[in-house]
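One point on numbering: in this note's numbering, the residue at position 113 of the sequence shown is 106, and numbering is uninterrupted. Below: the structure, in structure tokens.
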Amino acid sequence: MSTVFTQTQSHAEEKNVSYQNLERARCRMDGQSDTLQQALQQQCRERCHYEAREWQLDAAEAFLSSLDCTILAGTGFEKSLPFTMPLFVKTDDVLIVLAPPNSLEGDQMRRSEKMGLSAIAVNHET
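In structure tokens:
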């Protein structure tokens, strides 16, 4: 058996590429990026009583622009907020979240409901 080495980018390089992709998507939005981020921030304040961080707004914008997005952050940094925020402005959309532990699944459901979103947990117990 042979070992295959693949070239990987550092986190900083990946982040740079991600922001280049986001900037290209913003160019297609005809200057609506600021308006979108303001709407997301306002909804976040109203629904969550929380001031979204810049990276959360950028990630939500990336999701709304159909870009792939990976979020690396520690416990308690509200990593789930960026993939939830698009529902604040696209109210007819459906979001499916796959969360392995049932406890996390239930927590996500409760948090979504507190934000005024419909949510249901589906697992082997339901």
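Don't be surprised by glycine CBs; every beta carbon is placed ideally from N, CA and C.
- Y12 and A55 have their C-alpha atoms spaced approximately 9 Å apart.
- Annotation for D51: the continuous alpha helix (DSSP H) segment containing it runs E47 to L57.
- Per DSSP, reduced to three states, the secondary structure at P94 is coil, with no helix or strand assignment.
- A direct Cα-Cα distance of roughly 13 Å separates R38 from K107.
- According to the DSSP assignment, N9 belongs to the alpha helix (DSSP H) that extends over H4 to C20.
- When secondary structure is reduced to three states using DSSP, L80 falls in the helix class.
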